[in-house]
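Take the sequence shown: its letter number 215 is residue 215 in the working numbering, and every next letter is one higher.
To start, the structure under review is shown below, and the notes come after it.
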Amino acid sequence: MTLRNGLASLLRPEDSVLVLIDHQAFQLTNVNSHDPQAVVNNVTALAKLAKAFNVPTILTSVLAARGGLLFKQITDVFPDQEVIDRTWVNTWEDKKVVDLVKATGRKQLIIAGLWTEVCVAMPVIQAAGEGWDVTVITDASGGVSTESHEVAIQRMIAAGANPMTWMALAGEWQRDWARTEHAEELTQILIDHLGGSGIAYLWEQQLLNTPVPGIAG
């Protein structure tokens, strides 16, 4: 296997395309590898990151009439975008999805979805075998058990995929704080979705704007 290292292996927003797969009610009810609310939080942050960095994002569900619509938190980020509803379990066997990804002209394919062991693993393994540079956002995905999720991640790594979390992706896309064009949007995403770090940032802003009491002479 070719090692993934060097500067060129890091993700760049201008070369990235994101596919969000089956973040639906039915799947969420049996996510046991993560706190389900954390998955909702993390995939919402991921969607907002993609929008902030102008990364094309494909939204897809499976049998939505029975399994539920994509989480409103995701579709609210892309309110005018069609959600591709599939019959294929393996997203990468759905020609409409693949054609949309190919039309972006980008080769850094980023995937998150439910469940990790099924609807994430299959397209990741197929796309990696077809030469795509594939990254899985593990904390915006989830499986029916911790074992199912972790074994799926191991399987995808063996196939050549790159595992990351949404915060790691944010760091690679931002890369340099001298790049200010996305900094304001990124900061708001961190405030809204990064828990203690977001709270600490707000606290820091409070302290910086709090007058220091005078010292009596």
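We put the beta carbon where it would ideally sit given N, CA and C, even for glycine.
Note that the coordinates shown come from a computational prediction; the quantities given were computed from them, not determined experimentally.
Below 8 angstroms on the Cβ atoms is my guess for residue i versus residue j; work out the distance and round it to an integer in Å.
i    : j   : result
T116 : A64 : Contact flag wrong, Cβ pair sits at about 20 angstroms.
Where does residue i land, buried or exposed, given buried means 16+ other C-beta within 10 angstroms?
i    : result
N41  : buried
L18  : buried
T57  : buried
P123 : buried
A112 : buried
L28  : buried
I21  : buried
L59  : buried
R86  : buried
So what does DSSP say about residue i, is it helix, strand or coil?
i    : result
P56  : coil
Q24  : strand
Q154 : helix
L46  : helix
Tell me residue i's beta-bridge partners as DSSP assigns them.
i    : result
R86  : V62
P163 : V136
G113 : I21
G142 : L114
Do residue i and residue j have their C-beta atoms within less than 9 angstroms of each other?
i    : j    : result
A170 : T135 : no
L46  : A168 : no
Q108 : R12  : yes
S33  : V118 : no
V120 : M156 : yes
G142 : L114 : yes
H193 : K48  : yes
V39  : V62  : no
V83  : L70  : yes
I74  : T104 : no
G68  : A8   : no
M164 : T138 : yes
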